[in-house]
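Some notes on the structure that comes next.
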Amino acid sequence: MDINFLLANTLNGVVYGAFLLLTSLGLSLVFGLGRVVNFAHGALYALGGYALIVVMQQSAGYWLALVLGPLLVVPLAIAIERAAIHPLRSRPEIYTLLVTFGITFMIIGALEYIWGTGTTLVEVPSPFAGTVTILGNPYPVYRLVAAGLSLLVSATVFAFIQFSAIGLQIRAVTDDAGMAEAIGVNTKWLLTAVFGAAAGLAAFAGALGAPIFAIHPDMGSGILIDSFLAVILGGLGNLPGTAVGALFVALTKSIGGGYVAEWSLAILFVVVAIALIFRPTGLFGRGRVA
Amino acid sequence: MLTLTDVQAHYGSAHVLHGVSLEVQAGQIACLIGRNGVGKSTTLKTIMGVVSPSAGSIIFRGQRIDGLAPHLMAARGLAWVPEDRRVFASLTVEENIRVAAKAARRSGARRAADVLSFFPALVPKAKERAGSLSGGQQQMLAIARALASQPDLIMLDEPTEGLSPIIVETIRAGILDIRQRGASILLVEQNFKLALSVGDMFYVLSRGAVVFRGTRSELLAAPELIHEHLGVAKARQSRVSA
C-alpha cells in the first residue's frame, strides 16, 4: 500500500469533510426545524460560487468577495422560503421536497443562461497559493486554510445553537415545534431566518471551495447527495451526529474513491446502507415529536 | 379573566365543539370535566389557538383572542400544559424553563430557580435532560415550564393521568400553590376526587357542549348528572365528597 497516496486521500477527505459539514449543518437545521427536505440546498451552494465571481468582477478582492458573495444569497433564500416553502408548511414533507427540487432546476437553468454550462476557475488567493510539506509530501496550503475556516464557521454555528437564546429556541422547535409555538416561539419566523442562514452557510462553502473545486452550474449536485447522506447517517436534525456523518461520508468517499474512483459513490451508499440497517435512526438518531 | 361564548370547533368535517360557554374568574380554579372524547382537550387547544374555532368568541383579559396564532398567547399571559406533557426532551430541565421564560416576552418572567420552587423535587434534576426524567417528573416540569412566563391563567390538561398517588398529591399541592401565588387555573381532569378537592367552579362537558355549570356543592347535589356524564357511581360519590 502506498502510504503517501493514502495520506493525500485522507487529507483530501478531511478537507472535503469540512466543506460537507458546512452544507450538512444547514440541511440538518432546516429539516430539524420545519421538516423541510431542502433539495435546493446544492443549488444555493452553487449560487455562492457565482456570487463570489459577481463580487470579484466589481474589483473586489477574493476575501471581501468571500464575505459579501454569500450575503447576497441570503435574501434570495429568504424570498424562496417565504414564497415557495412557507405556504406549504402545513402540508406533508413531500410537497416541500418537490418544490425545492423544482427550484433547483430553476436556479441551475438561470446559472446556465447567464454564465453558460462551462467551468469557471477561480485563482487561489495569493498568500496561500503554495504548498506545505506534510510527512514529506507537498499539500496545497489553501486547502488546509479553507478547511480551517470551514471548521471555524461550523464551530461558531455549534456554539450559537448551544449557548444563545435563539439557539435554545431552535433546539426547542427541533424537539417539538407545536409545543415551542405554544410557549411563545414564532416558529414561522424562526424557520425563515434559519433557512436564510443555512443558505448563507451553503453559499459560503461554495465560495470558499471555488479555488479548489471550480465553479459550474451543476456543482451543487454532488455535495447535495453527500450532505443528505451525512445528515441521514448522523440522525435527522441531530447536529453533532451530522458533524460525524459529514466526516464519515467525506473520508469514505475520498479514501474509497482514491483506489476505485468509479465506485466511490457506490461504496458510500453501501457503507451508509449497512450503517442504517444496524442504526435505522442514524448513528446518533433520537426520537422526535412530529 | 377568560370567557368562552358559544365556541364551536371542527376537526376536518367532524364537529367536535358544539357551542362551549364557560368562564374562569381571577384567582379561581375552574374544572372542565367529562368522559373521554367529549371535547375537553379540544376546548383547551381552541383557547390556545392550536385549533381554530369555527364560531363563537374567546375573550381573555378583556380582549378577543380567538383566531390568534398560538405563539401570541404566552405574551398575553396564557399558558398551557398539554395532556401528554411534551417537555423538550433534548433540553435540560433548566433549559426547558429558560426557553419558555424568554419566548413569552413578558415582563416579570420567572428565573428557573423561582419556578423550581413550585416543585422542589426538580431542583437536583436541573442539569439533566428532560427526556431522562420519570413521567411524574416530566409532568412537574411541564407545569413548571408553563409557570416560567408568570402567566395569569394556566390551563392544565389531565395533569395527574397515569401518575402514582404520591406524585398526584405533589401535583395537587402544586396546583393549590399556583393559585395561592395569584394565577387562575382551568383544569381538565378525569380524577373526579382531585378535581373536587381543588376546584371552585365546575363545568361538565358532554358531546362538545357544557351540560352543567356550578359550584362544588351544586355538583354534588346532582348525583344523576355525575353518574351519567362522569361515570361515577352514587355510592362512590358519597365517599368522594366525604
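Quick note, the sequences are listed as chains A and B, same order.
According to my numbering, numbering within the first sequence proceeds without interruption in unit steps and concludes at 281.
According to my numbering, numbering within the second sequence proceeds without interruption in unit steps and concludes at 734.
Note that beta-carbon positions come from the ideal geometry of N, C-alpha and C, so glycine has one too.
Computed from a predicted structure; not experimentally measured.
In this structure, Gly169 of chain A sits away from Ala567 of chain B, with a CB-CB distance that is not shorter than 7 Å.
The beta carbon of His502 of chain B lies closer than 7 Å to those of Val508, Ser546 in the same chain, with the five residues before and after it left out.
A contact between stretches requires three or more CB pairs, one per stretch, nearer than 8 Å, and the region 604 to 612 of chain B meets this requirement with the region 624 to 640 of chain B.
With respect to Leu192 of chain A, Leu13 of chain A sits close: the two C-beta atoms are nearer than 7 Å. Sequence-distant Cβ neighbours of Thr538 of chain B in its own chain, meaning closer than 7 Å and more than five residues away, are Val499, Ala501, Leu509, Pro545.
Using a Cβ-Cβ distance cut-off of 8 Å, the region 515 to 522 of chain B and the region 572 to 580 of chain B are not in contact, since fewer than three pairs of beta carbons, one from each stretch, lie closer than that value. Under a criterion of Cβ atoms nearer than 9 Å, the residues of chain A adjacent to Ser641 of chain B are, in order, Ile174, Gly175.
Under the 7 Å criterion on CB atoms, Ala150 of chain A is classed as non-interfacial with respect to chain B. Rounded to the nearest angstrom, the gap between the Cα atoms of Leu38 of chain A and Lys532 of chain B is 51 Å.
Per DSSP, His510 of chain B is one residue of the beta strand (DSSP E) stretching across 506 to 516. Closest in C-alpha terms to Lys179 of chain A, from the list A:Leu24, A:Ala194, A:Leu20, A:Leu(-3), comes A:Leu24. DSSP, reduced to helix, strand and coil, places Met493 of chain B outside both helices and strands of the structure shown, so it counts as coil.
Comparing alpha-carbon positions, the option among A:Ala194, A:Val21, A:Ala9 lying closest to Leu182 of chain A turns out to be A:Val21. For Ala636 of chain B, the closest Cβ of chain A is not nearer than 7 Å.
The C-beta of Met540 of chain B comes closer than 7 Å to at least one C-beta of chain A.
Contact annotation for Phe580 of chain B against chain A: Arg162, Ala163, Asp166, Asp167, Met170, Ala171 [CB-CB distance below 8 Å, chain order]. Residues of the region 550 to 575 of chain B whose Cβ lies closer than 9 Å to any Cβ of chain A, in chain order: Ala561, Pro562, His563, Leu564, Met565, Ala566, Ala567, Ala571, Trp572, Pro574. Nearest to Gly541 of chain B by alpha-carbon distance, out of B:Gln555, B:Gln520, B:Gly554, B:Leu564, is B:Leu564. The alpha-carbon of Val263 of chain A is positioned some 11 Å away from that of Lys244 of chain A. Three or more Cβ pairs closer than 8 Å define a contact, and the region 664 to 683 of chain B falls short of that threshold against the region 590 to 601 of chain B.
Under DSSP, Asp649 of chain B forms a beta bridge with B:Val680. Chain order gives no chain A residues near Arg664 of chain B, where near means a beta carbon separation below 7 Å; the closest approach is about 24 Å. Per the DSSP secondary-structure output, Arg621 of chain B pairs in a beta bridge with B:Thr584.
In the three-state DSSP reduction, Asp576 of chain B falls in the coil class, being neither helix nor strand. Nearest CB-CB separation between Leu182 of chain A and chain B: not below the 7 Å threshold. Straight across, the Cα-Cα distance linking Ile152 of chain A with Arg162 of chain A is about 7 Å.
Contact check for Leu230 of chain A and Phe149 of chain A: beta-carbon distance about 7 Å, within the 8 Å limit, so the pair qualifies.
DSSP places Arg705 of chain B in the strand class (E or B) of the three-state scheme. Within a 10 Å sphere around the beta-carbon of Ile646 of chain B sit 16 or more other beta-carbons, which makes this residue buried.
DSSP lists B:Thr497 as the bridge partner or partners of Ser549 of chain B. Scanning chain B for C-beta atoms nearer than 7 Å to the C-beta of Ala156 of chain A yields Lys594, reported in chain order. The region 594 to 607 of chain B and the region 192 to 206 of chain A do not touch, with fewer than 3 CB-CB distances between them shorter than 8 Å. Going by DSSP, Ser245 of chain A is part of the alpha helix (DSSP H) stretching over 230 to 250. Under a 10 Å Cβ-count criterion, Lys619 of chain B is classified as exposed, with fewer than 16 other Cβ atoms of the shown protein chains found around its own Cβ. The contact set of Leu159 of chain A on chain B, defined by CB atoms closer than 8 Å, consists of Leu583, Glu587, Arg590, Val591, Lys594 in chain order.
For Thr110 of chain A, there is no enclosing beta strand (DSSP E), as DSSP marks it with neither H nor E.
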